[in-house]
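Just remember that the numbering used here sits 9 ahead of the position in the sequence shown, which is counted from 1.
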Amino acid sequence: MTLTPALLIVVSLALPFLVLVLIGLFGKLPNLRDGLTLVLSSVLFYVVCCLADHVFQGGRPELVLGNLLPGFSIGFKVEPLGMVFALVASGLWIATTVYAIGYMRAHHEKHQTRFFACFAIAIFAALAAAFSANLFTLFVAYELMTISTYPLVTHHGTEKAKLGGRTYLGILLFTSIAFFMLAIGWTWSVAHTLEFQPGGILQGSYESGGIQQWQLMLLLALFAFGIGKAALMPFHRWLPAAMVAPTPVSALLHAVAVVKVGVFSILKVAVYVFGMDLIRETSIGEWLAYAAGATILLASLVAMTKDNLKARLAYSTVSQLAYITLGAALATPASVVGGGMHIVMHAVGKITLFFCAGAIYVATHKTDISDMRGLGRAMPLTMGAFFIASISIIGLPPGGGVWSKWFLALGTVETHHLFLLAVLMISSLLNIAYLIPIPIRGFMKPVTGDPPTFKEAPMMCVVPLCCTAVGTIVLFFLANGLYEVLLPITEVAK
10 MTLTPALLIV
20 VSLALPFLVL
30 VLIGLFGKLP
40 NLRDGLTLVL
50 SSVLFYVVCC
60 LADHVFQGGR
70 PELVLGNLLP
80 GFSIGFKVEP
90 LGMVFALVAS
100 GLWIATTVYA
110 IGYMRAHHEK
120 HQTRFFACFA
130 IAIFAALAAA
140 FSANLFTLFV
150 AYELMTISTY
160 PLVTHHGTEK
170 AKLGGRTYLG
180 ILLFTSIAFF
190 MLAIGWTWSV
200 AHTLEFQPGG
210 ILQGSYESGG
220 IQQWQLMLLL
230 ALFAFGIGKA
240 ALMPFHRWLP
250 AAMVAPTPVS
260 ALLHAVAVVK
270 VGVFSILKVA
280 VYVFGMDLIR
290 ETSIGEWLAY
300 AAGATILLAS
310 LVAMTKDNLK
320 ARLAYSTVSQ
330 LAYITLGAAL
340 ATPASVVGGG
350 MHIVMHAVGK
360 ITLFFCAGAI
370 YVATHKTDIS
380 DMRGLGRAMP
390 LTMGAFFIAS
400 ISIIGLPPGG
410 GVWSKWFLAL
420 GTVETHHLFL
430 LAVLMISSLL
440 NIAYLIPIPI
450 RGFMKPVTGD
460 PPTFKEAPMM
470 CVVPLCCTAV
480 GTIVLFFLAN
490 GLYEVLLPIT
500 EVAK
């Protein structure tokens with residue numbers, strides 16, 4: 010039987026729930042539980058790929074589940090940006106699941122069934138956000154993501170974990186309720202619709218005088234800070250606080266789901282709510298571009314001061330997310346496509362770095378960079394993968410990150426923001442300063458004290474990080490295809 014595109018949407022959203030049910034049924038049989046999770050996550054990726062084939066050929070499948078109130082519907086419509094995000098989330102779910110099985114078993118972690126169940130809900134929320142047809146559906150998926158990942162952040166149950174969880178939940182709920190919800194209500198009152206539209210739903214309201222330029226700027230600010238998962242300073246502290254979670258959760262937060270829902274939402278709002286033409290013509294994104302530039306530099310400088318590896322990577326993520334916000338604020342075809350590409354490039358590169366951090370912890374129980382002298386000689390695969398992923402995050406060939414940063418830089422040139430171009434260049438130098446010394450210390454610095462007796466982490470930890478490291482190189486050669494599938498989201502602005 011051939012599945013229609015609308016049915017593929019249903020299957021894609023249903024599969025994580027099926028995983029959730031099976032995890033609950035077979036929670037006391039870990040081999041069966043984990044095996045079913047792997048099989049069904051692979052099936053999900055296949056279904057999403059089938060849907061992608063239709064979307065990238067020009068199809069825009071839709072599915073409406075129902076109206077809660079007039080104008081407030083739960084509906085899905087798949088366009089290229091959401092399709093790319095869905096591919097990233099579903100594909101990396103497989104790698105993260107394999108890695109999490111190896112990590113959790115090596116550590117003899119408790120509550121593994123709850124852990125994998127929350128993972129499944131988070132992936133559902135990521136796909137629901139990716140396929141959302143309107144702001145209301147996006148908001149519901151966004152909030153579900155926050156709630157479902159809270160038990161993952163507090164997984165260890167320690168006072169430190171609970172404190173980190175309170176910071177995580179408090180900031181994300183505060184920003185979404187105080188700002189994001191208000192922005193959605195304001196948009197409805199002005200445009201009388203919440204449905205995403207090419208060219209934006211606010212263009213007509215501005216032209217008719219229904220909303221003024223200063224009001225548009227304020228509304229953009231509500232969206233930018235209300236979508237707290239984008240980690241724009243000063244609402245970024247939840248991200249470093251969440252590093253108390255197990256490393257597979259950190260990988261989920263930084264690469265697969267949580268922060269990517271944030272920056273994806275920023276891009277989607279810029280393109281389909283405001284519209285690229287409106288942002289450029291009114292210059293309402295000017296302040297946001299500079300706020301993103303400040304976040305890029307400040308977070309990079311903070312990262313350089315962190316000796317704890319996960320903390321350094323957390324602030325690196327804050328900086329890298331701001332690249333995507335910058336692309337949305339510049340609102341040129343090059344910058345928006347560059348922002349969409351950076352969602353993919355950063356996801357694969359950063360998940361590799363966190364996988365490596367977790368593998369190091371599993372094998373050595375080391376968390377501080379200062380303690381990692383000579384570690385690369387005992388763990389060459391892990392440290393080699395770390396180096397390869399770092400190259401991509403920095404934006405150097407043959408890492409895929411070079412292309413997304415190229416288009417973002419092109420956007421700054423097109424809009425004559427040469428200062429922001431300098432910010433991007435300085436940021437790449439800072440990336441080198443806080444990432445490359447880690448593998449150099451691991452491979453080239455002499456070991457202090459007794460020679461290390463440890464070796465590589467279990468293969469279920471090492472294989473995923475090697476695969477994603479190779480993925481950063483593969484993306485370097487697939488960048489043109491990614492550019493082509495994202496380009497249609499900018500067509501109205503041309």
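Glycine included, each C-beta is placed from N, C-alpha and C at the ideal position.
- When Cβ pairs closer than 8 Å are counted between the two stretches, the stretch 475 to 489 is seen not to touch the stretch 435 to 444, the count staying below three.
- The beta-carbon distance between Val258 and His355, rounded to whole angstroms, is 18 Å. This is too long to meet the 8 Å contact definition.
- Taking a contact as a CB-CB distance under 8 Å, the pair Leu34 and Ser99 does not count as one, their CB atoms being some 22 Å apart.
- Within the stretch 314 to 348, the complete alpha helix (DSSP H) segments of 4 residues or longer fall at 318 to 339, listed in chain order.
- Taking the CA atoms as reference points, Leu229 sits about 32 Å from Ala254.
- Counting only the Cα atoms, Cys59 lies some 13 Å from Gly67.
- Judged by DSSP secondary structure, Val73 falls within the beta strand (DSSP E) whose first and last residues are Glu71 to Leu78.
- Membership of Lys169 in the alpha helix (DSSP H) is indicated by the continuous run Glu168 to Thr184.
- Per DSSP, the unbroken alpha helix (DSSP H) holding Ser214 starts and ends at Gln212 to Glu216.
- Beyond the five residues adjoining it in sequence on each side, Ala312 comes within less than 6 Å, by CB distance, of Arg321, Tyr324, Ser325 and Tyr443 in the same chain, given in chain order.
- For Gly451, the closest alpha carbon among the candidates Leu318, Phe128, Ile103 and Leu16 is that of Leu318.
- In the DSSP assignment, Lys269 falls outside any beta strand (DSSP E) and within the unbroken alpha helix (DSSP H) covering Val267 to Val278.
- DSSP places Lys238 outside any alpha helix (DSSP H), giving it a letter other than H or E.
- In the DSSP annotation of this structure, Gly208 is not part of any alpha helix (DSSP H), being labelled neither H nor E.
- In the structure shown, Gly84 falls within a strand segment according to DSSP collapsed to helix, strand and coil.
- The Cβ-Cβ distance between Thr158 and Ala131 falls below 8 Å.
- In this structure, the beta-carbon distance from Val56 to Leu24 falls below 8 Å.
- The stretch 86 to 98 makes no contact with the stretch 222 to 237, as fewer than three CB pairs between them are under 8 Å.
- Boundaries of the alpha helix (DSSP H) around Arg450: Pro446 to Met453.
- The beta carbons of Leu335 and Ala298 sit about 6 Å from each other, so the pair counts as a contact at 8 Å.
- At the C-beta level, Thr176 and Trp247 come within 8 Å of one another.
- If you ignore the 5 residues before and after Val270, its C-beta comes within less than 7 Å of the C-beta of Ala135, Ala138, Tyr151, Met154 and Lys238, all in its own chain and listed in chain order.
- Apart from sequence neighbours up to five positions away, the residues of its chain that approach Trp197 with a beta-carbon distance below 7 Å are Gly80 and Leu203, ordered along the chain.
- CA-CA distance, Ile352 to Val346, rounds to 10 Å.
- Beta-carbon to beta-carbon, Tyr281 and Leu417 are separated by about 20 Å, too far to satisfy the 8 Å threshold.
- For Ser292, the three-state secondary structure derived from DSSP is coil.
- Spatial neighbours of Phe148 in its own chain (CB-CB distance under 8 Å, excluding positions within 5 residues in sequence) are listed in chain order as Ser185, Phe189, Met190 and Ile193.
- Counting the other CB atoms within 10 Å of its CB gives Ser344 a total of 16 or more, which places it among the buried residues.
- Nearest Cα to Lys454 within the set Lys464, Gly385, Val494 and Phe428: Gly385.
- When the five nearest sequence neighbours on each side are left out, the beta carbons in the same chain lying within less than 7 Å of the beta carbon of Gly36 are those of Arg42 and Thr122, in order along the chain.
- Judged by their CB atoms, Ile305 and Val411 are not nearer to each other than the 8 Å cut-off.
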